Structure formats: C-alpha cells, structure tokens
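So the protein lines, in turn, are chains R and A. Position 8 of the first sequence, counting from 1, maps to 446 under our numbering, and the rest follow consecutively. Position 95 of the second sequence, counting from 1, maps to 533 under our numbering, and the rest follow consecutively. What follows is a short report on a single structure.
2 protein chains.
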Amino acid sequence: MIALHTVHRHRFSFTQDDVILFAQVSGDNNPLHLDPAFAATTPFKRPIIHGALASSIFSKVMGTEFPGFGSVYLKQVSEYKRPMFVDTEYEGVFTVISIDPNKHVAEIKCEIIDVATGKKTTEGVATIMNKEEF
Amino acid sequence: MIALHTVHRHRFSFTQDDVILFAQVSGDNNPLHLDPAFAATTPFKRPIIHGALASSIFSKVMGTEFPGFGSVYLKQVSEYKRPMFVDTEYEGVFTVISIDPNKHVAEIKCEIIDVATGKKTTEGVATIMNKEEF
C-alpha cells in the first residue's frame with residue numbers, strides 16, 4: 439500500500455531519436471520538434487520536445503514504477519510551463535496528494551524539474567486507480 | 439484565423455504495433471497494454487491502449503492540423519472515461535471553446551468517440567498558443 443504524501447522520483451532524459459520516434463508513433467511531425475531551421479525562427483531558438491512526450495513519462499512511471507503494474511489511468515492534467523530539450527537531465531517528482539480507499543483511486547501531483555537549473559518545466563495531476571496500492 | 443466554436447474532426451485507429459512502439463518510446467511497458475494473458479485477468483479482458491497514446495492524437499491534431507504548425511502546447515487535460523482498443527475506429531472531435539486574442543491562446547475541447555458505438559472514450563481540454571490562428 440502507498441501512503442498519502444509519499445514521494446517518488448524518476449530521472450530521465452530524451453534524445454533526438456526519441457523525439458523522432460515519438461513523432462512517428464503519434465503522427466505529430468510539427469517542425470517545432472524536428473526541424474532546427476524552423477525552430478530557430480521561434481522564441482525557443484532550437485527544437486523542443488513534444489509536451490505529450492514529456493507527459494509520457496507520467497504514463498511510464500504510473501504504469502511501471504509508482505504505483506506500477508495494475509494501474510488504470512483515469513485522468514491526467516499536464517501544464518507545460520517551460521520548453522524542454524533533448525540531451526538534458528530532468529527529474530520527475532510524484533507526490534500522492536489524495537487517496538480514496540473505497541474507490542482505490544489516488545491523485546498524484548506530477549512535476550518535472552530541470553536538474554541543472556532547478557526550474558519546473560511541467561506540472562500536473564494524475565488520477566490513478568490501483569486496487570492493490572490504494 | 440480560427441473562429442470560436444469551430445469544430446474539427448479527425449478519424450484514426452491504432453494497431454498493436456503502434457501500442458508496442460509507444461511502449462518502447464515512453465518506457466511504459468505495463469502488461470495491461472501488451473500482454474493478452476495479463477489483460478484477461480483485468481476487468482477489460484483484453485489489452486487496452488495507453489491513455490497517453492490516445493492523448494497523443496490531441497498532440498498530433500494540434501501540432502499538424504488544427505490549429506497546425508506554430509502551435510505551442512500550454513496545457514492538456516485528458517479524462518479517460520472508457521477503455522480504448524486496437525483496430526477500432528475512433529473520431530477525435532475538437533471544438534474551440536474560448537479565445538484570448540491578446541495572448542493568442544485558445545481552449546479547445548477534445549473528445550474521442552468510438553465510431554461504431556457513438557460512446558465517448560476520452561474528453562478533455564487543450565490550451566494552445568498560436569500567433570497566426572488566434
């Protein structure tokens with residue numbers, strides 16, 4: 439069982455190959471993510487990671503680590519506050535903020551921090567059902 | 439420019455190969471999505487698509503079709519109301535529900551409908567900045 443206020447951390451980074459693969463599987467070939475010449479014309483100056491790829495880390499952690507296998511995703515809120523880049527170390531921080539033991543459902547705050555700067559790039563809340571953990 | 443209340447529709451389906459590829463790029467190898475024997479022990483009876491893969495359709499549509507290139511994702515809310523399966527035809531329905539012309543930001547309601555049953559599997563709201571369209 440996972441208790442209220444438990445915190446789980448997960449370090450990760452993405453490569454440009456990951457971004458290309460995500461563009462293929464999602465069909466999102468927005469040049470903002472793929473084309474350095476196009477990205478140079480934007481305020482970001484260089485390609486940024488798809489927000490949905492960043493959010494896929496939430497899916498990975500919920501589905502495989504915390505709470506892990508058996509989790510069913512009910513809802514995800516993701517707020518993209520700062521751009522994210524390839525070959526950059528990030529830390530996902532996951533905090534249990536509510537548990538409904540009757541429904542086996544928890545709300546888990548999800549944050550992504552740029553490890554070098556300490557700045558938050560993404561924040562949101564996942565709502566997860568897991569009959570063994572909540 | 440895209441007007442308030444404009445509706446955009448996008449039909450799609452996923453194959454099991456898409457699910458396997460998404461598991462690879464996201465790292466989410468939860469057996470609920472990949473292992474028919476495990477999935478048979480769950481209320482879903484067969485493997486379901488990752489919620490985050492379903493949400494990647496929102497990213498694709500926002501980034502490449504509606505509003506399209508130049509879109510910057512600020513926020514996504516996704517509520518997974520019913521399971522989704524491979525080899526099943528779905529329709530994404532996207533409706534502009536608010537526009538802030540000063541910030542060039544719109545809120546777009548996102549729904550996924552099972553074409554055969556008419557039932558809604560997923561709903562949420564995307565918040566998108568696009569300087570040319572809003």
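All residues carry an ideal CB built from backbone N, CA and C; glycine is no exception. Because the structure is a prediction, the values reported are computed rather than measured.
Those residues of the region 506 to 518 of chain A placed with their C-beta closer than 9 Å to a C-beta in chain R are Gly506, Phe507, Gly508, Ser509, Val510, Tyr511, Leu512, Lys513, Gln514, Val515, Ser516, Glu517, Tyr518, ordered along the chain. Counting the other CB atoms within 10 Å of its CB gives A:Met439 a total below 16, which places it among the exposed residues. Per DSSP, the unbroken alpha helix (DSSP H) holding A:Ile495 starts and ends at 489 to 502.
Taking the beta carbon of A:Thr444 as reference, no residue of chain R falls within 8 Å; the closest one sits roughly 20 Å away.
Check the Cα spacing between A:Asn468 and each of R:Asn568, R:Lys513, R:Val524, R:Thr502: the tightest is with R:Thr502. Here A:His448 has Val499, Gly530 as same chain residues with Cβ atoms under 6 Å from its own Cβ, once five neighbours each way along the sequence are excluded. Approximately 14 Å separates the beta-carbon atoms of R:Ser464 and A:Ser451; this is outside 8 Å, ruling out the contact. A residue is called buried when at least 16 other Cβ atoms come within 10 angstroms of its Cβ; R:Ile535 does not meet this threshold and is exposed. For the region 535 to 566 of chain R, the set of residues with a beta-carbon nearer than 9 Å to any beta-carbon of chain A comprises Gly562, Thr565, in chain order. R:Asp525 has a beta carbon lying at 9 Å or more from every beta carbon in chain A. A contact between stretches requires three or more CB pairs, one per stretch, nearer than 8 Å, and the region 539 to 555 of chain R fails this requirement with the region 465 to 484 of chain A. Distance from the CA of R:Pro539 to the CA of A:Val457, rounded to the nearest whole angstrom, comes to 31 Å. From the listed residues R:Lys558, R:Asp525, R:Val563, R:Thr559, the smallest Cα separation to R:Val543 is found for R:Val563.
Only those residues of the region 445 to 468 of chain A whose C-beta falls short of 7 Å from the nearest C-beta of chain R are listed: Asp456, Leu459, Phe460, Val463, Ser464, Gly465, Asp466, Asn467, Asn468. Within chain A, the residues Ala490, Ser493, Ser494, Phe496, Ser497, Tyr511, Gln514 have their CB atoms less than 8 Å from the CB of R:Ala490, given in chain order. For R:Lys483, the number of other beta carbons within 10 angstroms of its own is below 16, and it is reported as exposed. At a beta-carbon threshold of 8 Å, the residues of chain R lying near A:Gly501 are Asp466, Asn467, Asn468, Leu470, His471, His488, ordered along the chain.
Rounded to the nearest whole angstrom, the CA to CA distance from R:Ala490 to R:Tyr511 is 15 Å. The beta carbon of A:Ile537 sits closer than 6 Å to the beta carbons of Leu442, Ala544, Phe572 from its chain, once the five residues preceding and following it are set aside; these are given in chain order. Less than 9 Å separates the beta-carbon of A:Ile546 from that of A:Thr533. Non-local beta-carbon contacts of R:Lys513 in its own chain, meaning distances under 6 Å to residues more than five positions away in sequence, involve Thr565 in chain order. In the DSSP annotation of this structure, A:Ile458 is not part of any beta strand (DSSP E); the continuous alpha helix (DSSP H) holding it starts and ends at 454 to 464.
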